[in-house]
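Using our numbering, the first residue of the sequence shown is number -16, and each one after it goes up by one.
Cβ atoms here follow ideal geometry from the backbone N, Cα and C, with glycine treated the same way.
Below is one structure, written out as structure tokens; comments come after it.
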Amino acid sequence: MRLEVCIAIVALLFAFSLVIHPNSPAAPVRQGGPKVEVYMTSWCGYCTKTLNYLDGKGVPYAAYDIESDSAAKERYLALGGQGVPLVVIDGNKIAGYSPQAMDRYLQASQ
């Protein structure tokens, strides 16, 4: 019974993550603003924190799940990605969750 409940919870969390961040083309980036890309996975807590942080600041971004999007995984590897999240702001790479680094690059691009 306990195992079935755990499996059901994991399945629901996975399904919910697909609704929040569907595997779809890049979100539009505002005119004149920074180009922001987030390479992530559905199970990564710091990826969720990164997306929530950008949402809270009203920053448009494109989120790519590197486990379900092979083209995104190729771009991620070409960027030297070794962990998630990998945030790219106007070509500047940030490995991991770092609000300070995101703010620095977002302010520099204004």
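Bridge partners - residue i, DSSP secondary structure assignment
i: M23; result: D48
i: V70; result: V21 and I77
Coil, strand or helix - residue i by DSSP
i: L62; result: coil
i: K32; result: helix
i: K56; result: helix
i: Q90; result: helix
i: P82; result: helix
i: V39; result: Contrary to the premise, residue 39 reads as Gly rather than Val in this sequence. Correct three-state label for G39: helix.
Whole-angstrom distance between residue j and residue i, CA atom to CA atom
i: Y88; j: I49; result: 23 Å
i: V70; j: R(-15); result: 37 Å
i: G155; j: D38; result: Examination of residue 155 is not possible in this model, given that the chain is present from -16 through 93 alone.
i: C27; j: A91; result: 28 Å
i: G64; j: E57; result: 10 Å
Classification of residue i by the beta-carbon crowding that lies within 10 angstroms, buried from 16 upward
i: V21; result: buried
i: S51; result: exposed
i: M85; result: buried
i: S53; result: exposed
i: A55; result: buried
i: A61; result: exposed
Within 7 Å, strictly: CB atoms of residue i and residue j
i: Y36; j: P82; result: yes
i: V42; j: V19; result: yes
i: Y80; j: K32; result: yes
i: I77; j: P17; result: no
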